[in-house]
Amino acid sequence: MKLVPLGDRVVLKQVAAETTTKSGIVIPGSEKEKPQQAQIIAVGPGGVVDGKEVTMQVKVGQTVIYSKYAGTEVKLEDETYIIVKQSDILAIVE
Amino acid sequence: MKLVPLGDRVVLKQVAAETTTKSGIVIPGSEKEKPQQAQIIAVGPGGVVDGKEVTMQVKVGQTVIYSKYAGTEVKLEDETYIIVKQSDILAIVE
Amino acid sequence: MKLVPLGDRVVLKQVAAETTTKSGIVIPGSEKEKPQQAQIIAVGPGGVVDGKEVTMQVKVGQTVIYSKYAGTEVKLEDETYIIVKQSDILAIVE
Amino acid sequence: MKLVPLGDRVVLKQVAAETTTKSGIVIPGSEKEKPQQAQIIAVGPGGVVDGKEVTMQVKVGQTVIYSKYAGTEVKLEDETYIIVKQSDILAIVE
Amino acid sequence: MKLVPLGDRVVLKQVAAETTTKSGIVIPGSEKEKPQQAQIIAVGPGGVVDGKEVTMQVKVGQTVIYSKYAGTEVKLEDETYIIVKQSDILAIVE
Amino acid sequence: MKLVPLGDRVVLKQVAAETTTKSGIVIPGSEKEKPQQAQIIAVGPGGVVDGKEVTMQVKVGQTVIYSKYAGTEVKLEDETYIIVKQSDILAIVE
Amino acid sequence: MKLVPLGDRVVLKQVAAETTTKSGIVIPGSEKEKPQQAQIIAVGPGGVVDGKEVTMQVKVGQTVIYSKYAGTEVKLEDETYIIVKQSDILAIVE
Numbered sequence: 001m002k003l004v005p006l007g008d009r010v011v012l013k014q015v016a017a018e019t020t021t022k023s024g025i026v027i028p029g030s031e032k033e034k035p036q037q038a039q040i041i042a043v044g045p046g047g048v049v050d051g052k053e054v055t056m057q058v059k060v061g062q063t064v065i066y067s068k069y070a071g072t073e074v075k076l077e078d079e080t081y082i083i084v085k086q087s088d089i090l091a092i093v094e
Numbered sequence: 095m096k097l098v099p100l101g102d103r104v105v106l107k108q109v110a111a112e113t114t115t116k117s118g119i120v121i122p123g124s125e126k127e128k129p130q131q132a133q134i135i136a137v138g139p140g141g142v143v144d145g146k147e148v149t150m151q152v153k154v155g156q157t158v159i160y161s162k163y164a165g166t167e168v169k170l171e172d173e174t175y176i177i178v179k180q181s182d183i184l185a186i187v188e
Numbered sequence: 189m190k191l192v193p194l195g196d197r198v199v200l201k202q203v204a205a206e207t208t209t210k211s212g213i214v215i216p217g218s219e220k221e222k223p224q225q226a227q228i229i230a231v232g233p234g235g236v237v238d239g240k241e242v243t244m245q246v247k248v249g250q251t252v253i254y255s256k257y258a259g260t261e262v263k264l265e266d267e268t269y270i271i272v273k274q275s276d277i278l279a280i281v282e
Numbered sequence: 283m284k285l286v287p288l289g290d291r292v293v294l295k296q297v298a299a300e301t302t303t304k305s306g307i308v309i310p311g312s313e314k315e316k317p318q319q320a321q322i323i324a325v326g327p328g329g330v331v332d333g334k335e336v337t338m339q340v341k342v343g344q345t346v347i348y349s350k351y352a353g354t355e356v357k358l359e360d361e362t363y364i365i366v367k368q369s370d371i372l373a374i375v376e
Numbered sequence: 377m378k379l380v381p382l383g384d385r386v387v388l389k390q391v392a393a394e395t396t397t398k399s400g401i402v403i404p405g406s407e408k409e410k411p412q413q414a415q416i417i418a419v420g421p422g423g424v425v426d427g428k429e430v431t432m433q434v435k436v437g438q439t440v441i442y443s444k445y446a447g448t449e450v451k452l453e454d455e456t457y458i459i460v461k462q463s464d465i466l467a468i469v470e
Numbered sequence: 471m472k473l474v475p476l477g478d479r480v481v482l483k484q485v486a487a488e489t490t491t492k493s494g495i496v497i498p499g500s501e502k503e504k505p506q507q508a509q510i511i512a513v514g515p516g517g518v519v520d521g522k523e524v525t526m527q528v529k530v531g532q533t534v535i536y537s538k539y540a541g542t543e544v545k546l547e548d549e550t551y552i553i554v555k556q557s558d559i560l561a562i563v564e
Numbered sequence: 565m566k567l568v569p570l571g572d573r574v575v576l577k578q579v580a581a582e583t584t585t586k587s588g589i590v591i592p593g594s595e596k597e598k599p600q601q602a603q604i605i606a607v608g609p610g611g612v613v614d615g616k617e618v619t620m621q622v623k624v625g626q627t628v629i630y631s632k633y634a635g636t637e638v639k640l641e642d643e644t645y646i647i648v649k650q651s652d653i654l655a656i657v658e
């Protein structure tokens with residue numbers, strides 16, 4: 001089973017946030033602070049969305065930062081995904 | 095009796111969410127968490143909606159994920175349907 | 189006396205909702221749950237509404253489902269009508 | 283003194299709502315329920331309102347139903363008027 | 377010192393509301409109910425406001441009714457003015 | 471150091487409001503009531519802002535009245551400035 | 565690792581606000597008042613954003629003032645960044 005997003009929607013999967021201190025100690029992501037980094041799993045076709053032409057600028061596999069309060073959590077076969085609009089993706093992490 | 099949606103509206107019927115754990119045990123959908131998966135029962139003709147041309151991109155029979163807070167519940171002959179706008183459908187489950 | 193709706197407005201009259209169970213027993217509509225089915229009594233001429241061209245797609249006599257929180261209740265000669273915009277009509281019941 | 287409405291505004295004067303029961307008994311309008319029927323006293327010239335061309339479709343003397351929560355009450359020489367936008371007029375009573 | 381309004385703004389000065397009863401007794405304006413009548417002191421040039429062309433249709437010296445919750449009170453040399461947008465002026469009192 | 475506003479933004483500096491009574495007594499501005507008069511320190515270039523062409527109509531040095539709830543206070547080298555959009559400037563004081 | 569902003573987004577890094585009194589004493593930025601000055605770390609490509617053409621007018625390295633309530637805080641490798649839309653940048657500090 002897979003999710004095929006419509007329009008300008010993008011399917012994301014959260015990356016477990018690990019915090020690396022300056023001295024190099026890795027602190028695994030606490031559950032309290034929701035990580036904002038996610039990997040792109042699927043990208044919608046774009047096209048006319050709400051009367052406006054949208055061109056998709058992100059690709060499957062990229063790690064991105066998305067807007068904290070955006071998106072819908074979806075559970076499929078024991079995995080949790082987040083579906084956001086491309087405009088809720090703030091930046092690509094390279 | 096059947097529902098014929100207008101404009102960019104889509105008639106959905108919720109799919110009882112079953113959770114399959116990784117080890118393969120199937121847990122039937124609890125009633126507490128509203129399943130977001132639904133099957134498409136009928137699709138409106140699209141056309142000009144709120145001054146914008148809308149082309150319908152979903153088809154009867156598809157299983158879709160829709161936005162949690164969208165749609166209107168409708169009861170017809172002992173069955174419950176949800177009517178949403180196509181833009182409230184986030185992804186198709188294939 | 190009759191109501192002649194303006195623009196994209198439609199005059200509805202609620203249909204007393206009867207629930208038919210699968211075994212065929214008819215339970216008359218309770219007053220608690222507001223029925224969402226209504227019959228179309230009059231249809232406005234459409235035209236330019238809020239700067240956008242609207243074509244009327246519903247007809248007098250059709251039974252329709254309309255959005256729960258939409259419309260204005262109007263009492264005229266001891267009868268109650270609901271006036272909604274066409275965009276608040278979700279589907280036609282055939 | 284008279285009120286000359288601007289743009290798409292319409293000056294209304296409430297009609298004291300009388301309820302006529304089916305058997306023909308006339309119950310004068312109670313003060314509790316604000317009547318929604320009003321007579322048109324003056325009609326603005328229409329034209330470009332908020333960047334959109336508006337054509338006036340109502341006339342002085344018509345009895346109309348207007349949206350419950352719309353309009354501004356104005357007192358002039360001991361009379362109360364309501365000024366609404368034409369789009370807040372739902373239907374003409376004929 | 378004088379106020380020169382920008383765009384579609386209009387400078388008003390409230391008219392002390394006097395209530396004339398039908399029998400002709402004049403009751404001076406109480407302070408409790410904010411009078412909605414005002415005289416136009418200055419009119420902006422109009423032009424493109426928020427991307428839309430606005431033509432000014434009111435003139436200095438006219439008495440107008442303006443929307444209750446609109447406008448900004450401004451004190452200048454011991455006088456109080458209200459600055460509103462032309463669209464907040466509902467009607468001219470003639 | 472100086473502030474160079476972007477787009478349709480304008481940098482203002484509040485003018486200490488002095489109240490002159492009719493008899494000529496000058497009462498210095500109390501701190502309780504935020505003065506709405508300000509002097510223009512810098513004017514943005516205008517251009518396309520939020521998809522709309524904006525032409526700047528105010529000039530450095532003018533004293534203006536601006537909307538009470540608009541703008542962002544900015545401290546720079548011990549001075550406080552307010553940055554507003556041109557559309558939040560209601561009138562020029564001449 | 566670096567942040568590559570999308571569309572009209574800009575990556576900022578707050579400048580520790582130091583307050584210099586008129587007599588020249590430097591008071592390091594207190595943590596209570598969130599500094600509004602930030603340095604531009606990365607600038608998105610602009611282009612069509614929400615159906616409107618946006619041209620980027622800011623450059624990497626500039627110190628800017630941004631709107632208090634705008635932007636999303638992002639932590640990456642022990643550093644905190646703020647991602648804002650260009651329209652939330654009020655002025656450049658020169």
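Residue numbers (the numbering used here), protein chains in the order written: chain A, 1 to 94; chain B, 95 to 188; chain C, 189 to 282; chain D, 283 to 376; chain E, 377 to 470; chain F, 471 to 564; chain G, 565 to 658.
Where is the CB? At the ideal position from N, CA and C, for every residue including glycine.
For residue 196(C), the closest Cβ of chain D is not nearer than 8 Å. Here residue 163(B) is exposed: its Cβ has fewer than 16 other Cβ atoms, across all protein chains shown, within 10 Å. Under the three-state reduction of DSSP, residue 415(E) is assigned to strand.
In the structure shown, residue 62(A) falls within a coil segment according to DSSP collapsed to helix, strand and coil. Within chain G, no residue has its beta carbon less than 7 Å from that of residue 552(F); the closest one is some 10 Å off. In the three-state DSSP reduction, residue 484(F) falls in the strand class (E or B).
Linking residue 83(A) to residue 439(E) through their CA atoms gives a straight-line distance of about 56 Å.
Identification of residues in the segment 416 to 435 of chain E having a C-beta nearer than 9 Å to some C-beta of chain F yields 418, 420, 421, 423, 424, 425, 426, 427, 428, given in sequence order. Its chain contains 108, 109, 111, 157, 158, 159, 187 as the residues whose beta carbon lies nearer than 8 Å to that of residue 131(B), once the 5 sequence neighbours on both sides are disregarded; these appear in chain order.
At least one beta carbon of chain B lies nearer than 8 Å to the beta carbon of residue 282(C). Neighbours of residue 273(C) in chain B, taken as residues at a C-beta separation under 9 Å, are lacking, since the least C-beta distance is about 10 Å.
For residue 373(D), the enclosing beta strand (DSSP E) stretches over residues 371 to 375. Taken in chain order, the members of the segment 249 to 261 of chain C whose beta-carbon sits within less than 8 Å of a beta-carbon on chain D are 260. At least one beta carbon of chain A lies nearer than 8 Å to the beta carbon of residue 185(B). Buried is the label assigned to residue 367(D), since at least 16 other Cβ atoms lie within 10 Å of its Cβ. Under the Cβ distance rule, residue 36(A) counts among the residues neighbouring chain G, one pair being separated by less than 8 Å.
Ranked by Cα distance from residue 474(F), the first of 546(F), 524(F), 560(F), 557(F) is 546(F).
The C-alpha of residue 103(B) lies about 18 Å from the C-alpha of residue 198(C). Here residue 454(E) is exposed. Its C-beta has fewer than 16 other C-beta atoms within 10 Å.
Around residue 377(E), the same chain offers 452, 453 as residues with beta carbons nearer than 8 Å, after the five sequence neighbours per side are excluded. Apart from the 5 residues on each side of it in sequence, residue 605(G) sits with its Cβ closer than 6 Å to the Cβ of 575, 577 in its chain, given in chain order. Boundaries of the beta strand (DSSP E) around residue 81(A): 79 to 85.
Contact check for residue 636(G) and residue 90(A): beta-carbon distance about 6 Å, within the 8 Å limit, so the pair qualifies. Excluding the 5 residues flanking it on each side, residue 529(F) has same chain C-beta neighbours closer than 8 Å at 510, 513, in chain order. The beta carbon of residue 155(B) lies closer than 8 Å to those of 133, 134 in the same chain, with the five residues before and after it left out. Neighbours of residue 107(B) in chain C, taken as residues at a C-beta separation under 7 Å, are lacking, since the least C-beta distance is about 13 Å.
Contact between residue 289(D) and residue 333(D) does not hold, since their C-beta atoms are separated by about 12 Å, which reaches or exceeds 8 Å. CA-CA distance, residue 537(F) to residue 621(G), rounds to 27 Å.
Counting along the chain, residue 169(B) sits inside the beta strand (DSSP E) bounded by residues 166 to 170. Here residue 611(G) is bridged, per DSSP, to 618(G). Our two residues, residue 335(D) and residue 242(C), have alpha carbons roughly 15 Å apart in a direct line.
In the structure shown, residue 567(G) falls within a strand segment according to DSSP collapsed to helix, strand and coil.
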